[in-house]
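Notes to accompany the following structure.
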Amino acid sequence: MKTKILTLLAASCFFFFNACSEESESLADKCKDNNGVSEGCVVGTWSLKGIYAKADNSVITNYSNAPGTLIIADDGKFEYTMSAAPQVDTDCGGQKVYGTWEIIDASLKFSIKTGDCVVGPITASPRVDELQMNLNGVFFQLGDVDDESTKANGTENLDRVE
């Protein structure tokens, strides 16, 4: 009887420690397929520090002194806080925009529910990795862009905050 109890205890410990030692999928692994357009890769807090040229990633408009913030939640909702940088000459600086998001194939769609500062819905075909999200276009700060060349050739690159 004592041997059976010890054998059962040993087997239980083996299964318990094996289950706990399994590694969870890393952020890099979650971002490796579909240009990173997966829930595990896009959910988080992102900082928009500027609008960049698509061709060479040079800075067109710098928001780093008051970046915009995009929070993508795992419940399908998002919140964007507009950049309040000095060059933002609209009444939108610091305003919040709320809505829902979804993944459709390799695209990320943001449906605007509240907020007047962003025209939606936004459908972007981003490239996402564990550190950055390149939206391949100007969307959230579009109201601050007067230059047609920037609208056509610029992109919002966001850095992962958490």
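If you want the numbering used here, it's the position in the sequence shown, counting the first as 1, plus 383.
Backbone N, C-alpha and C define an ideal beta-carbon position, used for all residues, glycine too.
Model, not experiment: these values are computed from the prediction.
* **Residue of D530, N440, K492, K415 minimising C-alpha distance to I455** => K492
* To do: Check whether the Cβ atoms of G482 and I495 sit closer than 8 Å, and answer yes or no.
  => Result yes, Cβ atoms of G482 and I495 sit closer than 8 Å.
* Would you tell me roughly how many angstroms separate the C-alpha atoms of Y463 and D499, rounded to the nearest one? => 12 Å
* Asked: So, using beta-carbon positions, are T538 and G520 closer together than 8 Å?
  -> yes
* Which residue's Cα is closest to the Cα of V420: N440, D512, E531? -> D512
* To do: Within its chain, find whatever has a CB closer than 6 Å to the CB of T444; leave out the 5 residues flanking it on each side and keep chain order.
  => G433, I434
* Taking the alpha-carbon positions, what's the E545 to D457 distance? -> Take the alpha-carbon of E545 and the one of D457: they are about 13 Å apart.
* Can you tell me the Cα-Cα spacing of I486 and C414, whole angstroms? -> In a straight line, the C-alpha of I486 is about 14 Å away from that of C414.
* For L541, the first and last residue of its enclosing beta strand (DSSP E) -> 537-543
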